[in-house]
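Enquirer: Below you will find the structure I want to go over with you.
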Amino acid sequence: LQYSSSAFFGEDPTVVLAVYQMPGSNALDLQQRVKDKMQELSARFPKGVSYAMHYDTTRFVSASMHDVLVTLGEALVLVVAVVFIFL
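Start counting the sequence shown at 775; every next residue gets the next number (this note's numbering).
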């Protein structure tokens, strides 16, 4: 069995680190905590080593929350219009 693997970003060798959310936890809070911790740890990286977050599922969560607020606003406008028209 071979337990090693190789990862590259472009032509640069890369270390892949996956962070999984526990059930019931806050995705946006977790993402911010991971960003803060990586920023803190990057100060200790050797010269020439950097990090990047290439896959972030919280973008979908934020977009969904925005869409819910837009839909709520549209529903409120429609309710006010219907009440105003029929009263």
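From the three backbone atoms N, C-alpha and C, an ideal C-beta is built for every residue, glycine too. What you are looking at is a predicted structure, and each value in this text was computed from that prediction instead of being measured.
To the nearest whole angstrom, what separates the beta carbons of Ala801 and Val823, a pair I think is in contact under 8 Å?
Expert: 28 Å between Cβ atoms; not a contact.
Enquirer: Is Gln805 near Asp830, with beta carbons less than 8 Å apart?
Expert: Going by C-beta atoms, Gln805 is nearer than 8 Å to Asp830.
Enquirer: By DSSP, does Phe783 sit in helix, in strand, or in coil?
Expert: In this structure, Phe783 counts as strand in the three-state DSSP scheme.
Enquirer: With a threshold of 6 Å on Cβ separation, who are the neighbours of Val808 within its own chain once the five nearest residues in sequence on each side are excluded?
Expert: Cβ neighbours of Val808 beyond the five flanking positions: Val793.
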